[in-house]
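Peer 1:
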Amino acid sequence: MKPFCTFVFLICFLATLSAQNVAEFARQKFFTTTIGLTWQTRKDNLFSPLTFSGYGAELHLGSERISEKWFKQFDFWGSINEIQSRVNKGYNSVAYAFRYGIAQTWAKRILPENAHFRWYVGGSVFHTSSMGYYQNNVNNLFSYNVPTGIAASTFLTRDMRFFKRNWQLSTQLSIPVLVYNARPNYLGFVNENNFTKDFGIVTINKLLHIDWRWQIDLPLSNGNRLRAIYRWDYMDDKLSGRLQVGTQSLLIQSLFQIPYKKKKNDQ
Amino acid sequence: MINNHLMKCLLKFTPVVVFCVFSLSVLSCEKALVTADPKNTPTENVKFFWKTMNEKYPFFEFKKINWDSVGNVWIPRVRDTMNDAVVFRIIDSMLYTLRDGHSNLYGAFNFSRNWEWYLNYPDNFNSYLLERNYLKNDYRFTGALTNRFLDSNRVGYIRYSSFSSNISDYAIDVVVSRFQTTKGIIIDVRSNGGGSIANIDKLVSRFIDKKLVAWKEAEKNGSGKNDFSTFKEYVIEPKGDKKYLKPIIILTNRRCYSATSLFVAAMLNLPNVKVVGDWTGGGGGVPASTQLPNGWTVRYSSSITLTPNGFNIEHGTPPTIKQDISKSDEAAGIDSILERALSELK
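Chains W and U are the protein sequences, given in the same order. So in this note's numbering, the last one in the first sequence is 700, and the numbering has no gaps at all. So in this note's numbering, the last one in the second sequence is 367, and the numbering has no gaps at all.
#1: With 8 Å set as the bound, which would you pick, yes or no: does the beta-carbon of residue 526 of chain W sit closer than that to a beta-carbon of chain U?
#2: Which bits of chain U does residue 518 of chain W rub up against, with CB to CB less than 9 Å?
#3: Do residue 588 of chain W and residue 548 of chain W have their C-beta atoms within less than 8 Å of each other?
#4: Check this for me: beta carbons of residue 221 of chain U and residue 280 of chain U, under 8 Å apart or not?
#5: Quick one: what's got a C-beta closer than 7 Å to residue 150 of chain U's C-beta in the same chain, skipping five residues either side?
#6: Less than 8 Å between the beta carbons of residue 620 of chain W and residue 312 of chain U, yes or no?
#7: Starting from residue 383 of chain W, find everything on chain U with Cβ-Cβ shorter than 9 Å and list it in chain order.
#8: Spatial neighbours of residue 139 of chain U within its chain, please: C-beta separation below 8 Å, excluding the five flanking residues on both sides.
#9: By the 9 Å beta-carbon criterion, what residues does the region 207–228 of chain U contribute toward chain W?
#10: Is the shortest distance between the beta-carbon of residue 572 of chain W and the beta-carbons of chain U less than 8 Å?
#11: Would you call the region 95–115 of chain U in contact with the region 549–565 of chain W, where contact means no fewer than 3 C-beta pairs closer than 8 Å?
#12: For chain W, is any of its Cβ atoms less than 8 Å away from the one on residue 359 of chain U?
#13: Taking residue 587 of chain W as part of the alpha helix (DSSP H), name the residues at either end of that continuous run.
#14: Does any residue of chain U bring its CB to less than 8 Å from the CB of residue 458 of chain W?
#15: Since residue 211 of chain U and residue 141 of chain U are thought to touch, with beta carbons under 8 Å apart, how far apart are those beta carbons, to the nearest angstrom?
#16: Starting from residue 219 of chain U and walking both ways along the alpha helix (DSSP H), at which residues does that stretch end?
#17: With DSSP as the reference, label residue 103 of chain U as helix, strand or coil.
#18: Can you tell me whether DSSP reads residue 160 of chain U as helix, strand or coil?
#19: Taking only the alpha-carbon atoms, compute the straight-line gap between residue 114 of chain U and residue 133 of chain U and give it to the nearest angstrom.
#20: In chain W, which residues lie less than 7 Å from residue 368 of chain U when you measure between Cβ atoms?
#21: Would you list the one or two residues that DSSP bridges to residue 184 of chain U?
#22: So, at 6 Å on beta carbons, what are the nonlocal neighbours of residue 604 of chain W in its own chain, with the 5 sequence-adjacent residues on each side left out?
#23: Taking only beta-carbon positions, decide if residue 575 of chain W is within less than 8 Å of chain U.
#24: Could you tell me the distance, in whole angstroms, from the CA atom of residue 363 of chain U to the CA atom of residue 199 of chain U?
#25: For the candidate residues W/502, W/535, W/563, W/526, whose alpha-carbon lies nearest to that of residue 545 of chain W?
#26: Leaving out five residues before and five after residue 361 of chain U in sequence, what residues of the same chain have Cβ atoms less than 6 Å from its Cβ?
#27: Below 8 Å on the Cβ atoms is my guess for residue 688 of chain W versus residue 664 of chain W; work out the distance and round it to an integer in Å.
#28: Taking 6 Å as the limit between beta carbons, can you name the residues of its chain near residue 592 of chain W, skipping five residues before and five after?
#29: List, from N- to C-terminal side, the beta strand (DSSP E) runs of 3 residues or more that fit wholly inside the region 296–329 of chain U.
#30: Just reading off the alpha helix (DSSP H) that residue 193 of chain U is part of, what are its end residues?
#31: Could you spell out the range, first to last residue, of the beta strand (DSSP E) harbouring residue 665 of chain W?
#32: Helix, strand or coil: how does DSSP classify residue 272 of chain U here?
#33: In chain order, what residues of the same chain have a beta carbon less than 7 Å from the beta carbon of residue 436 of chain U, not counting five sequence neighbours either side?
#34: Under a Cβ-count criterion, where at least 16 other Cβ atoms within 10 Å of its own Cβ denotes burial, should residue 292 of chain U be classed as buried or exposed?
#35: If you follow the beta strand (DSSP E) that residue 577 of chain W is part of, which residue opens it and which one closes it?
#36: Who pairs with residue 635 of chain W in a beta bridge, going by DSSP?
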């Protein structure tokens with residue numbers, strides 16, 4: 434898996450640098466590949482009172498479309514971390530954390546008269562999961578949540594000139610508002626007889642999830658881009674027990690331009 | 022020169038910079054958002070342990086244990102100057118009062134246990150004697166199942182020593198097919214300490230021709246002493262092309278624990294099944310676990326299991342025919358429990 438992902442990322446990265454199609458900056462569609470380092474802090478009271486944390490890897494695949502009116506993004510990502518508690522290191526304190534997510538975001542530009550920023554506001558549909566494998570436990574080894582729902586999203590971007598180059602600084606924030614979610618039961622077990630019984634519809638009071646990204650783009654002369662992302666993702670799930678997961682990621686993204694079909698109402 | 026240029030840029034984009042600095046400072050406050058770990062002191066560890074068991078252990082009432090009293094005896098004795106070995110011993114002593122093989126403390130240097138469920142009883146199983154005088158050389162290992170014909174091919178004998186050893190569909194089908202011509206079979210699960218419930222399904226499914234309500238189970242679902250889920254029936258479906266519906270005798274001793282006790286309880290629902298030997302050791306609660314603030318792991322029973330007619334198997338399942346291996350029989354090379362089973366199948 435790892436060699437395959439590396440290969441795909443390298444191909445896309447090289448394609449980004451070598452492609453020749455120069456397009457207009459404000460109306461573009463990209464295929465994106467992302468790789469990076471992530472640091473996760475995880476605490477699941479159903480499994481341990483201890484906070485576990487550790488480094489891992491994060492990968493994204495997706496697409497992104499930006500025009501003067503719309504910001505649309507599809508993001509499919511996953512991460513794996515080896516996490517360890519701060520006490521009793523070396524004995525029964527290593528766990529593994531896996532996360533994945535899939536999201537489609539639509540955001541419409543507001544305040545178009547503002548010349549300094551392009552600000553897009555909208556929503557997204559998403560499915561994500563944060564899982565932990567607590568290998569020191571007996572039977573109740575598998576921690577998880579599986580939120581699926583809709584989120585409020587915003588994307589703010591600004592062009593900059595810096596060190597004699599054009600850059601684009603942007604930030605993206607997403608907060609779920611209505612979520613269909615499940616957690617293990619009181620004892621930390623999956624409900625084997627009726628898994629769906631553990632599901633419930635929750636909102637921010639039971640599931641606070643903030644996915645915040647800061648990114649800086651270097652547009653290349655061929656129309657593609659290289660992007661550095663700092664992602665901060667915090668989840669506080671109180672559906673059963675309490676799960677808190679904080680993730681900080683440093684990511685490098687390669688945006689490979691896809692030919693854009695112009696529509697009549699596009700500007 | 023570069024510095025001047027940088028300063029100009031920073032001033033030009035002051036709102037952006039302020040926003041960035043503010044955001045990054047907010048974003049770095051993960052430690053403030055994630056609730057702090059409990060204090061890792063001997064007192065807090067013992068208190069955390071007591072509270073966890075108080076909220077999650079299901080058998081206080083059944084075993085008539087006053088857990089408040091256990092806490093009142095031990096918690097005041099804890100001092101924060103105590104070393105790990107002493108703290109371990111205190112928690113071990115508290116756990117010991119539960120008389121539960123599924124409730125243990127795992128530290129880096131030891132794990133606590135209460136094995137009274139078999140230590141105070143006759144062993145009733147001698148593998149040396151069984152192999153030399155009964156199995157001899159004429160037996161098969163079919164996956165996890167040791168098997169051979171006994172009593173001039175009139176009886177099939179199956180030895181299953183651990184429910185942690187997975188039984189394949191192929192293996193159980195082969196064994197059941199092999200013994201189709203016998204008058205009855207003996208399933209020897211003595212000293213089988215348990216394992217996976219999935220293996221109970223595999224084994225039992227070949228001895229039934231319709232759905233079997235094997236047992237019913239309720240698990241703790243809240244911190245109150247009587248917070249339990251409603252009892253759910255555990256149903257086993259018949260499987261396999263060949264079934265064995267003739268007389269079956271199961272051999273048991275006190276070392277039959279956990280999944281083995283469940284297997285025996287499930288099979289006793291069948292009219293053609295008898296159990297010969299001693300009570301099983303029990304262990305009806307599914308073990309779950311958590312950690313203490315110092316990283317030690319606590320395992321505890323988390324559910325109650327009853328037979329369909331309401332018998333709690335935490336302290337074991339009684340045999341249909343009580344039989345021990347006497348010292349004199351053992352000295353003479355006789356497995357009295359196996360002999361009794363053979364005579365029942367005459």
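Beta carbons: idealized from backbone N, C-alpha and C, even for Gly.
Peer 2: Let's see:
#1: yes
#2: 58, 312, 316
#3: no
#4: yes
#5: 351, 354, 356
#6: no
#7: The structure shown has nothing for residue 383 of chain W, since chain W only spans 434 to 700.
#8: 274, 275, 276, 278, 302
#9: none
#10: yes
#11: no
#12: no
#13: Element bounds for residue 587 of chain W: not the alpha helix (DSSP H) but the beta strand (DSSP E), 581–595.
#14: Because residue 458 of chain W sits at a pLDDT of 47, beneath the cut-off of 50, its placement in the model cannot be relied upon, and the point is left open.
#15: Not confirmed; about 17 Å, so no contact.
#16: 218–225
#17: coil
#18: coil
#19: 9 Å
#20: Outside the displayed range of chain U (22 to 367) lies residue 368 of chain U, so it cannot be described from this structure.
#21: U/216
#22: 589, 647
#23: no
#24: 18 Å
#25: W/502
#26: 297, 344
#27: Their Cβ separation, rounded to whole angstroms, is 16 Å, which puts residue 688 of chain W and residue 664 of chain W out of contact at 8 Å.
#28: 601
#29: 308–312, 318–322, 324–327
#30: 190–199
#31: 658–670
#32: strand
#33: Residue numbering for chain U in the displayed model covers 22 to 367; residue 436 of chain U lies beyond these limits and cannot be assessed.
#34: exposed
#35: 575–578
#36: W/612
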